[in-house]
Amino acid sequence: MIAMAIACRPKLLIADEPTTALDVTIQAQIIDLLLELQRKENMALILITHDLALVAESAHRIIVMYAGQVVEEAKPSRYSKHHCTLTPKHCSKPYRNLPKGNPPAITTGRSAGQI
Numbered sequence: 001m002i003a004m005a006i007a008c009r010p011k012l013l014i015a016d017e018p019t020t021a022l023d024v025t026i027q028a029q030i031i032d033l034l035l036e037l038q039r040k041e042n043m044a045l046i047l048i049t050h051d052l053a054l055v056a057e058s059a060h061r062i063i064v065m066y067a068g069q070v071v072e073e074a075k076p077s078r079y080s081k082h083h084c085t086l087t088p089k090h091c092s093k094p095y096r097n098l099p100k101g102n103p104p105a106i107t108t109g110r111s112a113g114q115i
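Taken in order, the sequence shown gives residues 1 to 115; the numbers are from the UniProt record's numbering.
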């Protein structure tokens, strides 16, 4: 799948849950491969994931979306390894418990066009 995605040498690669249902060791290998391809091919990489711990050490910035809206933007250092999965049982942010029909305002003050 990765080979097909980069065959035409894109300037942007969007990887949507590239490590879902994979062993932790394989997850790390896939992320390492994507980052190596990003460097070699000089392309932008967007990783879409629910597992912030997976990208916290390699991302330049993390953007959290909820109900289709950006609700948080931060440097990866803001996320501790112990609170990096956006699931209800690990909620530490108020927006993580809101019903989908009531998304909060963006916390960065930037408009979507600036992100």
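Even glycine gets a Cβ: it sits at the ideal position worked out from N, Cα and C.
C-alpha distance - residue i paired with residue j, whole-angstrom precision
i   : j   : result
Q69 : I2  : 28 Å
I6  : I31 : 15 Å
T19 : C8  : 22 Å
L54 : L45 : 14 Å
L86 : L13 : Low local confidence applies: a pLDDT of 48 at L86 is under 50, so the model's placement there is unreliable, with the coordinate-based value given in what follows. Rounded to whole angstroms, L86 to L13 spans 23 Å at the Cα level.
Boundaries of the beta strand (DSSP E) in which residue i is found, first to last residue
i   : result
D16 : 12–16
L45 : 44–48
E41 : Run containing E41: none in the beta strand (DSSP E); it sits in the alpha helix (DSSP H), 24–41.
Status (buried if at least 16 other CB within 10 Å, exposed otherwise) for residue i
i   : result
I62 : buried
T49 : buried
Cut-off 6 Å between Cβ atoms - residues of its own chain near residue i, not counting five sequence neighbours on either side
i   : result
L35 : S58
(Q) Under 8 Å, with one C-beta from each stretch per pair, do the segment 61–75 and the segment 24–42 reach the 3-pair mark? (A) no
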